[in-house]
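Protein chains: 2
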Amino acid sequence: MKKRLSLEAFKSGILKGDRVVLSRAITLVESSLEQDARLASQLVQDILPATGKSIRIGITGVPGVGKSTFIESFGNLLLEKGKKLAVLAIDPSSQKSKGSILGDKTRMKKLSLNKNAFIRPSPAGDTLGGVAAKTREAMLLCEAAGYDVILVETVGVGQSETSVKNMVDFFLLLVLAGAGDELQGIKKGIMEMADGIVINKADGDNLVLAKKAKSTYQNALHLFPLSESGWTPPVSIASSITNFGLDKIWDMISSYEAITLESGFKEKNRSEQRMKWLEENLQFLLIHRFLESPQIQAKLASEKVKVQSGEVSPLSLARELMDLFFKD
Amino acid sequence: MKKRLSLEAFKSGILKGDRVVLSRAITLVESSLEQDARLASQLVQDILPATGKSIRIGITGVPGVGKSTFIESFGNLLLEKGKKLAVLAIDPSSQKSKGSILGDKTRMKKLSLNKNAFIRPSPAGDTLGGVAAKTREAMLLCEAAGYDVILVETVGVGQSETSVKNMVDFFLLLVLAGAGDELQGIKKGIMEMADGIVINKADGDNLVLAKKAKSTYQNALHLFPLSESGWTPPVSIASSITNFGLDKIWDMISSYEAITLESGFKEKNRSEQRMKWLEENLQFLLIHRFLESPQIQAKLASEKVKVQSGEVSPLSLARELMDLFFKD
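Residue numbers (UniProt numbering), protein chains in the order written: chain W, 1 to 328; chain Z, 1 to 328.
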């Protein structure tokens with residue numbers, strides 16, 4: 001492994017927009033070594049004044065919906081508009097299959113060659129809480145390095161959408177037009193988190209289907225209560241191949257940005273997100289520390305199945321474990 | 001305060017179905033005194049073999065939808081069918097206004113006079129995690145005392161529906177027919193949790209509206225993916241005044257019960273719920289213990305606003321607090 005940079009070297013490199021230093025800083029954030037974690041935490045704290053100026057966009061959709069191709073095309077549009085773009089991914093499941101670095105870079109060929117785009121695959125990690133925390137810190141590092149649009153990509157796995165929703169300003173759901181069952185396969189609750197829906201692959205024979213799906217989705221969204229921002233999520237159709245509709249999606253996000261800046265919702269939302277992150281970090285660190293204890297691990301291993309079967313009450317075991325942990 | 005009963009006295013009283021002992025046991029479970037909590041935990045553990053045989057039904061709906069009247073009428077129907085019924089409530093918000101004991105008993109006059117019905121208002125508590133844990137233990141005590149249908153009522157506040165969903169077999173959503181905006185006012189995500197929807201107050205002039213609303217809801221439910229149980233949530237219309245439709249709701253729940261018993265989903269679901277409860281209890285006890293520390297409280301009080309404003313990174317503060325807590 002390369003020699004660790006100093007805090008100062010990390011800081012000045014990032015603030016200058018040095019991509020190599022940025023990459024190494026994200027690796028630092030992702031490290032599970034306690035020494036790295038402390039340095040990372042100090043680094044994130046130090047660059048904090050340079051963060052927050054980007055538009056943070058979450059992108060989700062089931063596998064096969066064309067997220068990478070969309071990000072490739074949409075990302076290139078943003079680069080043409082003079083934006084600096086960082087693409088992060090949060091996908092705890094991808095760790096199982098590995099190889100996501102190569103995967104992401106080949107999936108987004110054009111983007112990965114552009115010096116104004118920075119692509120970083122999903123960090124390794126065995127818990128969503130950990131992976132999400134790392135992605136969020138990576139996002140802050142990218143902001144400090146001057147990226148003004150951050151795309152955070154996620155797959156519909158477990159609670160990862162909620163984590164992404166909690167770190168972005170705008171949450172975009174990609175869907176496909178299908179034969180009447182457009183909404184099948186979308187995880188419960190996802191549609192209600194979206195600030196905008198894009199019906200992707202609206203090209204060729206699909207275009208007619210996509211237009212139909214658009215009204216289906218619009219009707220469905222109508223059934224949901226207004227979100228706190230006062231924004232009604234629009235439904236757009238787009239093709240990442242013909243680039244049809246991509247401009248409109250950027251307009252959608254830009255007007256959301258303008259409206260929420262004006263109303264103060266953007267800052268209010270971010271402030272609430274920070275408090276949620278404090279809570280989540282605390283809970284994560286506490287439970288992590290707890291589960292690291294060999295005594296706790298042994299007890300859990302032997303008693304868990306009794307809780308599962310209903311033989312031991314969850315609260316009983318929880319109390320026993322607490323006593324064990326705090327007995328000294 | 002009355003003398004505390006012994007563990008044995010609690011146990012035998014509950015298993016005999018003694019309502020006074022049951023009441024006192026629930027009070028014990030609700031107590032925040034450490035001594036009570038330990039006895040309660042032991043008690044719940046000891047009666048565990050006698051639990052689990054009931055149908056656990058969650059009932060939710062916005063204020064004004066007529067939950068109490070519905071529970072009064074529906075509950076009386078169940079009593080007529082020879083069931084023993086316990087009604088519990090989980091509503092963290094009700095603590096602010098107090099007086100829920102008197103409230104609940106006057107709201108459900110007929111039920112509260114029947115010896116086969118046991119009504120218990122929402123326990124006091126300042127966190128949902130705590131309130132939910134207490135309600136769940138109360139549910140187990142009621143089951144051990146022979147109640148074979150448990151209704152857990154909740155209001156759409158914060159995350160309380162998720163807590164209730166995680167402790168019941170069947171989750172029923174009550175709604176009202178309105179003028180075109182039937183679904184307004186239902187909290188995001190609630191509809192997707194429901195195993196059945198009842199359009200309440202379907203009497204008089206409302207009947208026509210209710211029938212219309214029924215098809216609106218049916219269409220909306222169609223948009224959601226199939227739940228893991230394979231069950232498609234039906235929509236019923238009912239009146240708690242004329243008793244119209246109540247029988248059908250019981251049929252709906254009974255066939256859900258039969259199907260999920262047969263498929264094994266009921267036990268699978270309960271087993272998963274138990275593991276969730278173990279996790280939640282652990283997290284609750286850990287964070288509770290953490291936040292009880294005067295040092296942590298002082299630090300949080302002075303530093304929280306810096307996180308809110310974005311001056312201090314959430315992870316930085318979380319780490320500092322962890323160091324403080326575990327420094328000895």
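Note that the Cβ used here is the ideal one computed from N, Cα and C, for glycine as well. If you're wondering where the values come from, they're calculated on a predicted model, not measured in any experiment.
Cutoff 6 Å; reference residue i; Cβ partners in own chain excluding five residues on either side
| i | result |
| --- | --- |
| residue 239 of chain Z | 202, 203 |
| residue 13 of chain W | 21 |
| residue 143 of chain Z | 51, 54 |
| residue 276 of chain Z | 166 |
| residue 218 of chain Z | 235 |
| residue 69 of chain Z | 240 |
| residue 278 of chain Z | none |
Expected contact under 8 Å - CB spacing of residue i and residue j to nearest Å
| i | j | result |
| --- | --- | --- |
| residue 287 of chain W | residue 283 of chain Z | 6 Å |
| residue 152 of chain W | residue 230 of chain W | With a Cβ gap of about 24 Å, residue 152 of chain W and residue 230 of chain W do not count as contacting. |
| residue 19 of chain W | residue 118 of chain W | 6 Å |
| residue 67 of chain W | residue 174 of chain W | 6 Å |
| residue 64 of chain W | residue 146 of chain W | About 34 Å; that fails the 8 Å criterion. |
| residue 308 of chain Z | residue 319 of chain W | About 34 Å separates the two Cβ atoms, so there is no contact after all. |
Classification of residue i by the beta-carbon crowding that lies within 10 angstroms, buried from 16 upward
| i | result |
| --- | --- |
| residue 102 of chain W | At residue 102 of chain W, the pLDDT of 47 sits below 50, so the modelled position is not reliable and the matter cannot be decided from this model. |
| residue 314 of chain W | buried |
| residue 245 of chain W | buried |
| residue 56 of chain Z | buried |
| residue 262 of chain W | exposed |
| residue 234 of chain Z | buried |
| residue 110 of chain W | exposed |
| residue 216 of chain Z | buried |
| residue 38 of chain Z | exposed |
| residue 317 of chain Z | buried |
| residue 321 of chain W | buried |
| residue 205 of chain Z | exposed |
| residue 43 of chain W | buried |
| residue 34 of chain Z | exposed |
| residue 323 of chain Z | exposed |
Member of the options whose CA lies at the smallest distance from the CA of residue i
| i | options | result |
| --- | --- | --- |
| residue 149 of chain W | W:84, W:325, W:231 | W:84 |
| residue 336 of chain W | W:44, W:54, W:219 | Limits of chain W in this structure are 1 at one end and 328 at the other, which puts residue 336 of chain W out of reach. |
| residue 167 of chain Z | Z:228, Z:143, Z:139 | Z:139 |
| residue 285 of chain Z | Z:32, Z:4, Z:3, Z:11 | Z:32 |
| residue 251 of chain Z | Z:72, Z:308, Z:77 | Z:77 |
| residue 327 of chain Z | Z:271, Z:70, Z:242, Z:290 | Z:290 |
| residue 115 of chain Z | Z:137, Z:79, Z:258 | Z:79 |
| residue 237 of chain W | W:197, W:36, W:26 | W:197 |
| residue 306 of chain W | Z:81, Z:113, Z:82, Z:272 | Z:272 |
| residue 46 of chain Z | Z:207, Z:69, Z:15, Z:195 | Z:15 |
| residue 266 of chain Z | Z:169, Z:323, Z:281, Z:247 | Z:169 |
| residue 194 of chain W | W:211, W:247, W:253, W:207 | W:253 |
| residue 268 of chain W | W:298, W:228, W:280 | W:228 |
Sub-8 Å separation of residue i and residue j beta-carbons
| i | j | result |
| --- | --- | --- |
| residue 162 of chain Z | residue 60 of chain Z | no |
| residue 199 of chain W | residue 220 of chain W | no |
| residue 5 of chain W | residue 24 of chain W | yes |
| residue 10 of chain W | residue 249 of chain W | no |
| residue 325 of chain Z | residue 293 of chain Z | yes |
| residue 137 of chain W | residue 258 of chain W | no |
| residue 264 of chain W | residue 48 of chain Z | no |
| residue 141 of chain W | residue 26 of chain W | yes |
Residues near residue i in its chain [Cβ-Cβ closer than 7 Å; skip 5 each side]
| i | result |
| --- | --- |
| residue 209 of chain Z | 177 |
| residue 134 of chain Z | 29, 30, 123, 125 |
| residue 192 of chain Z | 224 |
| residue 242 of chain Z | 203 |
| residue 330 of chain W | Outside the modelled stretch of chain W, which goes from 1 to 328, sits residue 330 of chain W, for which no answer is possible. |
| residue 130 of chain Z | 284 |
| residue 256 of chain Z | 170, 195, 231 |
Close beta carbons around residue i, own chain, < 8 Å, minus the five adjacent residues each side
| i | result |
| --- | --- |
| residue 190 of chain Z | 60, 156, 161, 173 |
| residue 3 of chain Z | none |
| residue 232 of chain Z | 221, 226 |
| residue 260 of chain Z | 169, 229, 231, 266, 269 |
| residue 81 of chain Z | 250 |
| residue 247 of chain W | 77 |
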